[in-house]
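Keeping their order, the protein sequence lines are chains A and B.
Numbering-wise, my numbering puts 359 at position 330 of the first sequence, and it's gapless, one number per residue.
Numbering-wise, my numbering puts 293 at position 310 of the second sequence, and it's gapless, one number per residue.
Read the structure below first, then the notes.
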Amino acid sequence: MKKLLSLLIATAMTISLCACGGAASGAADTSDAAGSDGKLNIKAGFICLHDENSTYDLNFITGAKAACEKLGIEGVFKTNIPEGQECYDAACELADQGCGYIFADSFGHEDYMIEAAKEYPDIQFCHATGTKAHTENLANFHNAFASIYEGRYLSGIAAGMKLNEMIADGKITEDQAKIGYVGAFTYAEVISGYTSYFLGARSVCPSATMEVTFTGSWYDETAEKEGANNLINDGCVLISQHADSMGSPTACENAGVFNSSYNGPTDNACPETYISYCKIDWEPYFEDSITKAANGEAIPTDYVGTLETGSVVIDHFGKNIAEGTEEAVEAARADIIAGKIHVFDTKTFTVDGAELTSYMADVDTDANYEGDHEVIVDGYFNESGDGLRSAPYFDLQIDGITLLDTAF
Amino acid sequence: MDNKAKEPLIHLTKRGQIPLYKAILIRIIAIVIALIVCAVITGLTTGINPLEVYSSIISGAFGSVRKTWITFQDLSILLIISLALTIAFRMRFWNIGGEGQVLMGGLGAAACMICLGERIPNAVLIILMIISSLVLGAIWGFIPAFCKAVWNTNETLSTLMMNYIATQIVLYYTILWEVPKGSGKIGIINQNSHAGWLPQLFGSKYLLPIVVAAAVTAFTYIYIKYTKHGYEIRVVGESPKTSVYVGINVKKVIIRTMILSGALCGLVGLILVAGINHTLTPTISDGRGFTAVLVSWMAQFNPFAMIATSFIIVFMDRGAGEIATSFDLNQSFGDILTGIILFFIIGCEFFVNYEIHIRNHKKERER
């Protein structure tokens, strides 16, 4: 009897839900983005993997809030959205709420944003760090990244200056100028990051070498701390990292080893050993893409923010940096903007002992890990190049860098 | 207190059967008190009008048609895991390995989708997926059951540890199947061909898990209440010695029950991977294997009461996300409120089970 009753209730519940679903889908989506008084008439939705407590997401939230304020529009934030169907649901909820522009900040959100973009062709979907926009051929789905490798290169220069100072002071010999790097995964974004950082350091300190370890997580404080400690025990005299916790900077402060930071300055917690940080400032992208979405203009399929657009930031140095660091970084920044320096200039590095003249990079995302685009152009590796994709694809293992583990 | 008096101020007696209305009344009072405490804490710590927070929680769960659907979908997933665990709990076999069993079920489905997708007819693929999910989940239930039956190992420990093994196995395959290389993410499987995606019922993305949950609820109720197996489970739970005496093969019952429990969890893995997320991650179960333990206990192993208890958890969880969005509060604040409410709901069981007698026939004495 009870079973029958429950079945009946379940059925009734289901049917009533179906009825609701049918009725409401027609009524939704009545908003449109036509400006009336010069102000942008659009609501922007932002999907974040975590909340402000994660430095990674905080960086997006800060940029998004600044852009919304500047444009005078409403921003709706959905935080703690996992990289699963929840992202699709969140995007659809934002669409239900009348957002004409929807953004997601984490790599794993991409496929779910694409699903939502297919369903809502009138809404613009933008996604940071993704790789698929240039092959999906959806008019309303766009990727964005920044030439953060340029910021890393400049960070590397600051680090190389510090190494030079240590050599000049007799603290280490030239051969001991070994840098350590704590990476998350053996992912192109990470490889591009540590390689550019290393090339920056080596451009001022020619004897520099590097060791890299991977943690297999974007945020694992214990593993990052442990990784940094292992590198220090291995003789690394300077550390940088591409993972989001304070594990590595803290380990460096405790051991008195200098550290180049990412996403934000860490000199509050690590005043003695902090050298510099670099980060992507997302505000310029948000401003640009939201304005275009509101005005019905085309948003670039792959947007690459640069030093010039203000998207790549390196602006805060520690108190113990080597003399002349800021001037050297400033000079290199100007040279990069002027096109005099290319970070991945093939004359500055070798792969298996040979200079690179041709390389097919795996730019298109598919199940085959095979190269599909020639990326050596005019004597440099064309990272995040026009017509390719915004997310990094530099995945070469250059001489001078030793990978301690590649399990991830 | 200097006590010459033999009768204490308060004493407790175990209640016998309590009338249903009374039991429900006690629980309603508990929830009301919990809401008042939540309101006070909200007011004191955030300065936000608690009523606004409550209405925000409700709109988080039911604010739109889509939100309502998702709430029921989440409810269904949690409910099926809870039911799966309940079958084992009825036998006093503390299966806290739901997490791992769900993951293995998901792995089975994902493996078929990735390795066989677009190569064999979709109907065959889905049948293979169902089989491999159920079998992998069942194996993850079988191993601790076998150890318990043969060597009398502690099932709480072994089922728990099986979770970690499952997580690592799934992590291994995530790295093996990742796209693009190094990203640590599989992404949506067969996004364009939809091979191996479970069909939508009546054109709704959200209906399938709800229907499955309804079916599993009815099945579990009948199974534990009206079948010989269900009876054997109860007897083994009450007293293994009695079971031996009446001729029940205890080992067989333990293993059979855990295979069923694991297979039902595997079914959830199948739904999560092939019906909802269309990907596999080590966190796809999202702790629900553990939350389900709470759901099952709170419902006192009653399948229908479990609909209510899993509803409370899902409702509060969905609400917590909405509070975070609309008041700029952290997700954690919603979790705090959930914690308070659960504290009162679980705490009130004490008053359902025990009667409190306060001494009132003596005169007031000096302290």
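Every residue, glycine too, gets a C-beta built ideally from N, C-alpha and C.
Because the structure is a prediction, the values reported are computed rather than measured.
Beta-carbon proximity of G429/A to T238/A, cut-off 7 Å: For the purposes of this step, residue 429/A is identified with residue 400 of the first sequence, where counting begins at 1. For the purposes of this step, residue 238/A is identified with residue 209 of the first sequence, where counting begins at 1. Yes, Cβ-Cβ distance for G429/A and T238/A is below 7 Å.
Reduced DSSP category for F136/A - H, G, I as helix; E, B as strand; rest coil: Start at 1 with the first residue of the first sequence, and residue 136/A comes out as number 107. In the structure shown, F136/A sits in a helix (DSSP, three-state: H, G or I).
As assigned by DSSP and simplified to three states, the class of L184/B: Residue mapping note: residue 184/B aligns to position 201 of the second sequence, counting from 1. If DSSP states are grouped into helix, strand and coil, L184/B belongs with the strands.
Minimum C-alpha distance to R181/A - residue among T379/A, S83/A and I365/A: Within the first sequence, residue 181/A is the residue found at index 152, counting from 1. For the residues T379/A, S83/A and I365/A, the minimum Cα distance to R181/A belongs to I365/A.
First and last residue of the uninterrupted alpha helix (DSSP H) at A396/A: Taking the first sequence and counting its residues from 1, one reaches residue 396/A at position 367. From DSSP, A396/A is part of no alpha helix (DSSP H); its letter is neither H nor E.
Coil, strand or helix - C155/A by DSSP: Position 126 of the first sequence, counted from the first residue, corresponds to residue 155/A. Residue state, collapsed to three classes: strand.
Buried/exposed call for E338/B, threshold 16 Cβ in 10 Å: Here residue 338/B is taken as the residue at index 355 of the second sequence, counted from 1. Exposed.
Bridge partner(s) assigned by DSSP for V256/B: Residue mapping note: residue 256/B aligns to position 273 of the second sequence, counting from 1. BP columns for V256/B are empty, so no partner.
Classification of A361/A by the beta-carbon crowding that lies within 10 angstroms, buried from 16 upward: For the purposes of this step, residue 361/A is taken as the residue at position 332 of the first sequence. A361/A is buried by the Cβ-count criterion.
First and last residue of the uninterrupted beta strand (DSSP E) at T332/A: Numbered from 1 along the first sequence, position 303 holds the residue referred to as residue 332/A. Before going on, a small fix: residue 332/A reads as Tyr here, not Thr. For Y332/A, the enclosing beta strand (DSSP E) begins and ends at D331 to G334.
Burial state of Q283/B (16 or more Cβ within 10 Å): As a first step, residue 283/B is located in the second sequence; it is residue number 300 there, counting from the start. Classification for Q283/B: exposed.
CA-to-CA distance, N82/A to I328/A, given in whole angstroms: The residue you call residue 328/A lines up with position 299 of the first sequence. The residue you call residue 82/A lines up with position 53 of the first sequence. Straight-line Cα distance between these residues: approximately 30 Å.
Buried or exposed by the 16-neighbour rule on C-beta atoms within 10 Å, applied to P278/A: For the purposes of this step, residue 278/A is taken as residue 249 along the first sequence, with counting starting at 1. Answer is buried; the Cβ neighbour count reaches 16.
Rounded straight-line distance, which links the Cα of P33/B to that of A22/B: Within the second sequence, the letter at position 39 stands for residue 22/B. Within the second sequence, the letter at position 50 stands for residue 33/B. Answer to the nearest angstrom: the Cα atoms are 5 Å apart.
Three-state secondary structure (DSSP) of H163/A: Counting from 1 along the first sequence, the entry for residue 163/A is found at position 134. Note: H163/A maps to helix in three-state DSSP.
C-beta neighbour in chain B for G113/A, strict 7 Å: By one-based count along the first sequence, residue 113/A stands at place 84. Closer than 7 Å to some Cβ of chain B, the Cβ of G113/A qualifies, so yes.
Counterpart residues of F75/A in DSSP-defined beta bridges: For the purposes of this step, residue 75/A is identified with residue 46 of the first sequence, where counting begins at 1. Partner(s): F106/A and F132/A.
Under 8 Å from the C-beta of A307/B: neighbouring residues of chain A: Position 324 of the second sequence, counting from 1, holds the residue named residue 307/B. Those are D80, T108 and N109, listed as they occur along chain A.
Residues within the stretch 280 to 301 of chain A neighbouring chain B, beta-carbon criterion of under 8 Å: Look at the stretch 280 to 301 of chain A: it has no residue with a C-beta under 8 Å from a C-beta of chain B.
For Y182/A, the three-state DSSP class (helix, strand or coil): Position 153 of the first sequence, counting from 1, holds the residue named residue 182/A. Correct three-state label for Y182/A: helix.
N172/A classed as buried or exposed, judged by whether at least 16 other C-beta atoms fall within 10 angstroms: Taking the first sequence and counting its residues from 1, one reaches residue 172/A at position 143. Around the beta carbon of N172/A, 16 or more other beta carbons lie within 10 angstroms, which makes this residue buried.
Strand pairing of F346/A, partner residues [DSSP]: The sequence position of residue 346/A within the first sequence is 317, counting from 1. Answer is S305/A.
Under 9 Å from the C-beta of T264/B: neighbouring residues of chain A: The residue you call residue 264/B lines up with position 281 of the second sequence. Neighbours of T264/B on chain A, chain order: P111, E112, G113 and G137.
Boundaries (first-last residue) of the beta strand (DSSP E) holding V211/A: Position 182 of the first sequence, counting from 1, holds the residue named residue 211/A. That run of the beta strand (DSSP E) goes K207 to G212.
Positions along the stretch 279 to 296 of chain B whose CB lies within less than 9 Å of some CB in chain A: P286, F287 and I290
Assigned secondary structure, N258/A (DSSP; H/G/I helix, E/B strand, else coil): Counting from 1 along the first sequence, the entry for residue 258/A is found at position 229. Helix at N258/A.
DSSP-derived helix/strand/coil call for M112/B: Mapped onto the second sequence, residue 112/B falls at position 129. Helix.
Per-residue DSSP class, three states only, for Y228/B: Taking the second sequence and counting its residues from 1, the one referred to as residue 228/B is at position 245. If DSSP states are grouped into helix, strand and coil, Y228/B belongs with the helices.
Separation of I324/B from K31/A, as counted between CA atoms: The sequence position of residue 31/A within the first sequence is 2, counting from 1. The sequence position of residue 324/B within the second sequence is 341, counting from 1. For K31/A, the predicted structure reports a pLDDT of 49, less than 50, and the residue's modelled location is therefore unreliable. A value from the coordinates is still provided. Each residue's Cα considered, the two are about 29 Å apart.
Length of the line joining the Cα atoms of E161/B and A272/A: As a working note, residue 161/B is residue 178 in the second sequence. As a working note, residue 272/A is residue 243 in the first sequence. Cα to Cα, E161/B sits roughly 19 Å from A272/A.
Contacting residues, own chain, Cβ-Cβ under 8 Å from G55/A (five flanking each side not counted): Here residue 55/A is taken as the residue at index 26 of the first sequence, counted from 1. In this prediction, G55/A scores a pLDDT of 36, lower than 50, which makes its location untrustworthy; the coordinate-derived value is nonetheless stated afterwards. So no residue of the chain qualifies.
Proximity winner among Q114/A, T158/A, G104/A and C281/A, relative to S413/A (alpha-carbon distances): Residue 413/A sits at position 384 when you count from the first residue of the first sequence. Out of Q114/A, T158/A, G104/A and C281/A, T158/A has the C-alpha closest to the C-alpha of S413/A.
Supposed close pair S226/B, V233/B - CB separation, criterion 8 Å: Along the second sequence, read from residue 1 onward, the residue named residue 226/B stands at position 243. Along the second sequence, read from residue 1 onward, the residue named residue 233/B stands at position 250. With 8 Å as the limit, S226/B and V233/B qualify as a contact, their Cβ atoms being about 5 Å apart.
Within 7 Å, strictly: CB atoms of G89/B and L247/B: By 1-based counting over the second sequence, the position of residue 89/B is 106. By 1-based counting over the second sequence, the position of residue 247/B is 264. Contact: no.
Residue-chain proximity (A63/A, chain B), Cβ-Cβ < 7 Å: Within the first sequence, residue 63/A is the residue found at index 34, counting from 1. Residue placement at A63/A is flagged as unreliable, the pLDDT there being 44, under the threshold of 50; the coordinate-derived value follows with that caveat. So, not an interface residue.
Proximal residues of chain B, C-beta to C-beta of D125/A below 7 Å: The residue you call residue 125/A lines up with position 96 of the first sequence. Within 7 Å Cβ-Cβ: S47 and R49.
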